[in-house]
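Following: one structure in structure tokens, then a few remarks.
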Amino acid sequence: MDQETARKLYEEGAIFVFLNVPEGTEFGIDMKSWNTGEKFRGVKMIPPGLHYIFYSAVSNTGDTAPRTGFFHNFRKAEVLVKKWDQVNECVSAETVSDEDIVRLTGNLRALDNFLGPYPYDIKDRWKSLTSDLTDDLVKSLVPLSGFIQSALELESCSNSDRPKGKKADENDEDNLSPTEAKRSRKSDNIDALLPHLKAKAGTEIRLTKFPEKTYPEGSTPADITKHSLDSSYVFDLIASSYQKPDNIIGELQFCYICFLVGHSLEAFDQWKKIFSLFCSCEAAVKKHRRLFNRFLIVIEAQV
């Protein structure tokens with residue numbers, strides 16, 4: 001990189017300041033990650049646009065915690081400041097005061113030696129992976145907490161809502177042998193007594209829901225067979241659920257990044273659903289030719 005390019009990037013690039021991060025913490029932006037050193041205070045020369053920042057706490061024995069990350073759309077020359085929460089080992093919920101931000105912004109020259117440069121060798125690849133991903137779409141998909149976790153926080157239902165077991169269906173048992181019926185009742189009771197776990201409110205990714213039925217109401221058996229062979233009906237439903245049909249490509253990219261970089265299995269499941277949907281359509285190809293062309297370009301970039 002020549003001096004003129006470096007100077008331009010230094011002046012126009014955004015800065016992410018991350019204070020009080022323990023030495024050895026896994027930290028990354030987009031497709032790169034490192035273990036922080038003693039002098040680490042953040043990243044400079046970040047190209048304006050959408051980026052994914054992530055981290056994992058590392059114990060004294062070298063054990064790495066599940067990864068947590070967040071998207072941020074950096075403006076030209078923006079300075080974003082976050083603090084590390086020593087107790088919860090994550091980004092602090094405490095808002096950085098305007099005074100601290102002004103102080104840091106006015107002292108960037110002194111802070112420069114503590115900021116690592118954005119890895120520009122990944123810039124073009126990152127751009128291709130987020131080509132159809134808009135800031136508005138990201139805001140509609142990320143959890144309400146704003147953070148994407150590789151290991152979801154789960155909570156059980158209250159005691160009043162906890163299942164207390166259920167009575168076996170006698171009609172079903174008529175078709176089973178005595179041994180099988182006994183085993184079935186035991187299995188049902190055990191399953192019913194297990195706690196019902198669900199994602200903690202505000203932590204789940206708000207992915208687009210696929211319809212339970214893959215065919216319209218009132219379909220004949222022949223129509224049901226037709227829609228099972230060609231998913232164009234479901235494709236039209238999903239595409240029309242977005243503000244813009246192109247957002248289905250954006251969600252595909254969102255899920256890919258959340259899985260590849262954010263280690264989210266929920267995002268991977270959704271990526272597979274959208275991928276399979278594109279690959280199981282016939283009539284929709286003619287109707288949405290531009291979308292299917294974009295799909296091929298995006299998948300080529302991902303693989």
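Residue numbers (my numbering): 1 to 303.
Just so you know, even glycine gets a beta-carbon here, dropped at the ideal spot from N, CA and C.
Since we're looking at a predicted model, the values are computed, not measured.
Going by beta carbons, Arg-206 and Leu-104 fall outside the 7 Å limit.
Its chain contains Ile-15, Phe-16, Val-17, Phe-18 and Leu-115 as the residues whose beta carbon lies nearer than 7 Å to that of Gly-42, once the 5 sequence neighbours on both sides are disregarded; these appear in chain order. Shown here for Phe-278: same chain residues with a beta carbon closer than 6 Å to its own, the five before and five after excluded, namely Phe-295 in chain order.
Nearest C-alpha to Glu-26 among Leu-154, Pro-66, Pro-48 and Gly-49: Pro-66. Between Val-234 and the set Glu-4, Pro-47, Asn-35 and Ile-274, the nearest pair of CA atoms involves Ile-274. Closest in C-alpha terms to Ser-156, from the list Lys-272, His-196, Leu-137 and Thr-134, comes His-196. Counting along the chain, no beta strand (DSSP E) covers His-227; the unbroken alpha helix (DSSP H) around it starts and ends at 221–229.
Within the same chain, Tyr-52 come within 6 Å of Val-261 by CB-CB distance, once the 5 residues on both sides are set aside.
In the three-state scheme derived from DSSP, where H, G and I count as helix and E and B as strand, Val-91 is classed as strand.
Nearest to Ser-241 by alpha-carbon distance, out of Lys-209, Thr-5, Thr-220 and Ala-6, is Lys-209. Exclusion of the five residues before and after Leu-80 leaves Ala-14, Ile-15, Phe-16, Val-17, His-72 and Phe-74 as the residues of its chain whose Cβ lies within less than 8 Å of its Cβ. Between Glu-153 and Ala-77, the beta carbon gap of about 36 Å keeps them out of contact (Cβ cut-off 8 Å). Bridge partners of Phe-292 according to DSSP: none are assigned.
Membership of Asn-35 in the beta strand (DSSP E) is indicated by the continuous run 32–35. Beta-bridge pairing by DSSP links Leu-80 to Phe-16.
Of the candidates Ser-131, Arg-125 and Asn-20, the residue whose Cα lies closest to the Cα of Gln-86 is Asn-20. In summary, Asp-30 is buried, with 16 or more beta-carbon neighbours lying within 10 Å of its beta-carbon over all protein chains present. Distance from Thr-214 to Ser-232 at the Cβ level is roughly 10 Å; contact not present, criterion being Cβ atoms closer than 8 Å. Fully contained in the segment 39–66 are the following beta strand (DSSP E) runs of length 3 or more, in chain order: 42–46 and 49–56. Each of Asp-63, Leu-9 and Phe-54 was checked against the Cα of Met-45, and the nearest Cα belongs to Leu-9.
Cα atoms of Gln-243 and Arg-109: separation of roughly 43 Å, rounded to the nearest angstrom.
One Cα belongs to Ala-199, the other to Ala-93, and the distance between them is close to 20 Å. For the pair Cys-255 and Ile-148, the CB atoms are not nearer than the 7 Å cut-off. Under the three-state reduction of DSSP, Gln-243 is assigned to coil, being neither helix nor strand. In the structure shown, Glu-4 adopts helical secondary structure according to DSSP, grouped into three states. Considering only Pro-245, Gln-253 and Ala-222, the residue with the shortest C-alpha distance to Asp-269 is Gln-253.
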